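First up is the structure itself, then whatever we jot down about it.
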Amino acid sequence: MVLLDGKKTAQDLKEEIKATVGTLQVKNQRPPHLAAILVGNDGASLTYVGSKVRSCEYVGFDSTLIQLEENTSETELLKKIEELNQDANLDGYIVQLPLPKHINEEKILLAIDPEKDVDGFHPSNFGRMALEMDAFIPATPFGILELLERYQIETSGKHCVVVGRSHIVGRPISILLSQKGPVGNATVTVAHSRTENLADLTRNADIIVMALGIPEFLTADMVKEGAVIIDVGITRVTDTNHPKGYVIRGDVAFEEVASKSSYITPVPGGVGPMTIAMLLKNTLLAYQRKH
Ligand code: L34
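Under the numbering used here, the first residue of the sequence shown is numbered 166, with each subsequent residue one higher.
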């Protein structure tokens with residue numbers, strides 16, 4: 166079994182991005198600039214956004230964190246988005262999800278200028294991605310492709326089962342893995358909460374992408390010997406023995422599945438750090454498009 170070390174790969178990527186930013190400095194050009202809007206005080210969102218801001222600083226990007234109160238109105242948020250759309254010194258920005266219930270997520274994502282949509286969540290980017298046109302690819306699926314590529318894992322002709330159909334992970338990764346390209350040409354099955362006989366599907370999979378959000382759902386009996394396991398799940402499970410009061414669990418029962426797999430991502434330290442590195446990559450791409 167080989168561990169797909171997302172933490173290390175993300176660090177390699179950040180070093181590469183940092184080196185590119187260094188060459189801009191030499192040419193007296195301003196660095197790329199990423200902004201993040203966070204509405205409310207969700208603990209996990211604060212961690213993820215904090216990590217995004219710190220990573221920007223590490224690679225030499227400018228970053229702006231816009232923290233808005235939980236009770237911010239949809240109109241106020243739309244106003245902020247319009248400001249960011251107009252800001253010529255900003256290359257890209259994200260609106261961290263989930264948003265509070267009183268805000269219509271679809272309306273917000275539609276308001277983001279697709280040229281600055283480094284999350285790739287705007288329908289224009291999603292559509293372009295699905296049509297194999299130049300587009301921002303959502304950071305989590307993009308990070309999975311990057312991991313598979315750097316570890317030289319063959320996807321062509323392989324049966325890949327994606328468990329989960331969310332707009333930000335399951336759906337886009339299922340499209341991307343089936344497309345032509347260096348990491349692609351897979352035969353993809355999308356499974357979800359209404360799928361019957363899920364274990365029959367996963368037992369036949371060469372590659373399994375778990376993006377369900379149910380801790381330790383995938384067990385050893387559901388996996389073929391030698392399968393590649395990508396765990397996108399990241400749930401905080403209460404644990405009073407731990408100083409933070411919780412532990413992080415993926416969608417995979419790691420110990421038992423790991424011993425049967427050929428490659429597997431850990432949680433934490435797998436797909437999560439890759440998501441952050443690929444957001445930086447998209448921001449650099451947005452910058453390079455303009456320059
Ligand atoms: N707009 N909303 C928007 N864009 C995104 O790309 C995200 N996502 C998801 C949630 N909402 C979003 C993220 O950034 C999930 N996500 C994310 C980012 C980073 C990590 C996990 C999820 C991460 O760094 N995980 C660490 C552990 C962090 C911890 O201690 O909790 C890891 O090693 O997996």
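All C-beta atoms in this analysis are idealised placements derived from N, C-alpha and C, irrespective of residue type, glycine included.
All of these numbers come straight from a predicted model, not from anything done at the bench.
Within 7 angstroms: the Cβ of Pro433 and any heavy atom of the ligand L34? yes
Helix, strand or coil at Gly171 [DSSP, three-state]: helix
Bridge partner(s) assigned by DSSP for Leu383: Val417
Should Gly415 and Ile399 be called a contact, given that it needs their Cβ atoms to be closer than 8 angstroms? yes
Tell me the DSSP secondary structure of Gly215 in three-state form. helix
Ignore the nearest five residues each way along the sequence and tell me which others in Glu247's own chain have a CB closer than 8 angstroms to its CB. Ala276
Is Arg259 near Leu233, with beta carbons less than 8 angstroms apart? The amino acid at residue 259 is misidentified as Arg; the sequence shows Ile. Taking 8 angstroms as the Cβ cut-off, Ile259 and Leu233 do not qualify as a contacting pair.
Please classify Gly257: does DSSP put it in a helix, a strand, or coil? strand
Rounded separation between Ala392 and Lys244 - CA only: 48 angstroms
For Asp365, the first and last residue of its enclosing alpha helix (DSSP H): Leu363 to Thr367
Could you check whether the Cβ of Ser343 sits closer than 7 angstroms to any heavy atom belonging to the ligand L34? no
How should Lys217 be labelled, buried or exposed, when 16 other C-beta atoms within 10 angstroms of its C-beta is the threshold for buried? buried
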